[in-house]
Every structure is written in structure tokens, then in C-alpha cells.
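So this note's numbering is basically just the index in the sequence shown, starting at one, shifted up by 228.
Note that the Cβ used here is the ideal one computed from N, Cα and C, for glycine as well.
None of these values were measured; they are calculated from a predicted model.
I have placed the structure first, in the form of C-alpha cells, so that the comments after it can refer back to it.
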Amino acid sequence: MFLSIASTQDRELPDVQSAADERSVAIDRVGVSSVRHPATIVDADGTTQIVGATFTMTVSLPPEVKGTHMSRFLQVLAECQDDLGPQGLRTFAVELTRRLNSETAQVVMTFPWFVDKPAPVTGEVGKLEYTVTMSIDMAADGTATQSLKVAVPATSLCPCSKEISEYGAHNQRCELTAEIETKEPMGIGALGGRLEAAASCEVFPVLKRPDEKHVTEVAFENPKFVEDIIRDIALELDKDQNITKYRVTSENFESIHSHNAWAEISRCK
């Protein structure tokens, strides 16, 4: 039995993926998705964090080739995992095209990013989580389109509720998201900070009583509909000449409804 196994291992195994395919149908994207893997993210501003990221990695496949080599995606990821910021992502995509003999490559990675957030009055520091997606689409001519997507939690307070009520106003947590393309890379914290500033109030991981009083009153003095928030974000991004394209969304997790309120603005500048 052991001799039989050894002889099987010694002989050259067929490479089925590289066989010819007679249907002559090219595949735009093929690869692996939902890959959980550690990665070191080097942000545009130099900040570094080690995260657990989820990857989708794909390449194009010529019409005459039967299949791609799935294991090579994971091999390249393991080799590139220690530098996957804006610059490292480009290196990763180039290496995928080389190792998989492909004209194009696409990488999408989503990961948590933690920001030190001091409470507004006491200064107590906590870790606020952003959800970040970085992606790259490497074209056949060597040009690459990269995007940064950041989602942040914030607070919204309803202007109508404040106007019509004798006591208080309904408020809730919201999620603000921006996906941008830029001439030069933008830092995660820089984009996330712009989103937070557009809300009725920011949210904080740690709040003592003086902080809680402060954020309650700030939100009450700064009521915003979901439409107000999304417009304010759009105006802020419109002013930035480094941003060439954006898509922003605002979603309120309504405290007095069974549904959410949602808005979107997209621009190609």
C-alpha cells in the first residue's frame, strides 16, 4: 500500500486547469471570495494596524484556458499580507497578474479599523470601530483604479420631532458611508472624520456623565434629517479637488419606526 502511494506521488500529476477549453468563452473575473486572512494595513498617513480582513481576489481568464489556479491566490496573499495599504495593494494586484498569467486582476478587502476617540468633556479614550473596504481593479494596459470605502457610526436627531414636541426629540444611531476615488491616497481617519462631522453628533465608545450630557445637548442643538446629513457630506467632498469620484450613503436606524431612513448621492467630478 505504501509503495503504491509513493509511486503515485512520484509521477507527474496532470494540470487540468491549464488544459485547453474548446468553448472559446472568456471569463471576466474568476477567483476566490470570502477569504479570511490576517493583514497589515499601512494607511496613506502612515498609520499601521494588523487586522483580520475578508478578501475577494479575481483575475480574467482567456477563452482557451479551462481554469485558473485557485491556490495561487492564497500563496500571493500570504506573501503580500505585511503591506496592504494603497501602495501595497497595487503591488499585490500586479503580482496576481504575473503569477496567474492574467491580463487583469481585482482585489477587494474589508476589515475593521480602530480609531482612538477621546470623550468630549472628560477626555476618556476608547476605540471606535470603522468598517473599511479597499479595492483595486488592474486593467490590461497596466492602469489601476483604486477606491477607499469607510463606514462610520454617528448620531442623528430628528428636526421635525424637535419642532413639534414639548419634550425632547427622537434620536438614533446612524451609519454614514463614503466610497471615493482620489488622485492621491487619502487616509482612513481623514475620510471617517469628515463623515462623523456631518452628523447631529459623533458617537463615543466611553462616556462619563459630563460627556453624556454634552453629546445629548450637542445633538439637540444640531438636528438633521437623513437628507441633511447626506447633503452636508456631499458638499464637503465636492470641495476636495483630490477626490475625483464618490458615492455616499446615510442610514438612520430609526428609534420610533420599524424601518430605517436612507439616502444616497453619487458624483463623478
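Using only alpha-carbon positions, find the residue among the options that is nearest to residue i.
i, options, result
"lysine 355", "Glu407, Gln277, Ala267, Glu240", "Gln277"
"valine 260", "Asp243, Phe301, Phe339", "Phe301"
"aspartate 249", "Leu312, Asp273, Lys294, Thr275", "Lys294"
"arginine 326", "Gly280, Trp341, Ser389, Val304", "Val304"
"aspartate 365", "Val336, Ser494, Trp490, Gln245", "Val336"
"threonine 275", "Ala254, Arg475, Asp311, Val353", "Asp311"
"threonine 338", "Ala306, Ala347, Gly313", "Gly313"
"cysteine 388", "Ala368, Pro451, Ala367, Arg459", "Pro451"
"histidine 210", "Arg239, Glu445, Asp460, Lys345", "Within the shown structure, residues of the chain are numbered from 229 to 497, placing residue 210 beyond reach of any answer."
Give me the Cα-Cα distance between residue i and residue j, rounded to the nearest whole angstrom.
i, j, result
"asparagine 488", "cysteine 386", "13 Å"
"valine 287", "serine 384", "41 Å"
"alanine 281", "alanine 272", "18 Å"
"serine 252", "threonine 373", "28 Å"
"tryptophan 490", "phenylalanine 453", "10 Å"
"lysine 502", "alanine 447", "Past the edges of the chain, shown from 229 to 497, lies residue 502, and the structure says nothing about it."
"isoleucine 471", "valine 360", "17 Å"
"alanine 247", "alanine 267", "34 Å"
"asparagine 480", "glycine 415", "25 Å"
"phenylalanine 283", "leucine 289", "19 Å"
"aspartate 468", "arginine 437", "37 Å"
"glutamate 357", "alanine 254", "41 Å"
"valine 476", "phenylalanine 342", "21 Å"
"isoleucine 392", "glutamate 307", "60 Å"
"arginine 495", "valine 443", "32 Å"
"arginine 257", "aspartate 243", "21 Å"
"lysine 345", "isoleucine 458", "23 Å"
"lysine 497", "glutamate 455", "21 Å"
"alanine 347", "glutamate 449", "18 Å"
"proline 413", "serine 262", "25 Å"
"serine 486", "lysine 441", "27 Å"
Measure the Cβ-Cβ separation of residue i and residue j and say whether it is below 9 Å.
i, j, result
"glutamine 400", "glutamate 492", "no"
"proline 340", "valine 434", "no"
"valine 349", "aspartate 439", "yes"
"glutamine 315", "histidine 265", "no"
"methionine 362", "isoleucine 269", "yes"
"glutamate 352", "proline 381", "no"
"methionine 245", "threonine 296", "Per the sequence shown, the amino acid found at residue 245 is glutamine instead of methionine. Taking 9 Å as the Cβ cut-off, glutamine 245 and threonine 296 qualify as a contacting pair."
"leucine 324", "methionine 285", "yes"
Using the rule of at least 16 other Cβ atoms within 10 Å of the residue's Cβ for burial, across every protein chain shown, is residue i buried or exposed?
i, result
"methionine 298", "exposed"
"leucine 241", "exposed"
"glutamate 424", "buried"
"tyrosine 474", "buried"
"proline 291", "exposed"
"glycine 396", "exposed"
"glycine 370", "exposed"
"serine 478", "buried"
"methionine 229", "Because methionine 229 carries a pLDDT of 47, less than 50, the predicted location of this residue cannot be relied on, and the following value inherits that uncertainty. With fewer than 16 Cβ atoms within 10 Å of its Cβ, methionine 229 is classed as exposed."
"alanine 367", "exposed"
*Kindly confirm or deny that the region 417-429 and the region 359-379 touch, where touching means at least three C-beta pairs closer than 8 Å.*
A contact is defined here as three or more CB-CB pairs under 8 Å, and the region 417-429 meets this definition with respect to the region 359-379.
*Counting Cβ pairs closer than 8 Å, one from the region 400-415 and one from the region 328-336, do we hit at least three?*
No, the region 400-415 is not in contact with the region 328-336.
_Three or more C-beta pairs under 8 Å: does that hold for the region 427-436 against the region 463-475?_
The region 463-475 and the region 427-436 do not touch, with fewer than three beta-carbon pairs separated by less than 8 Å.
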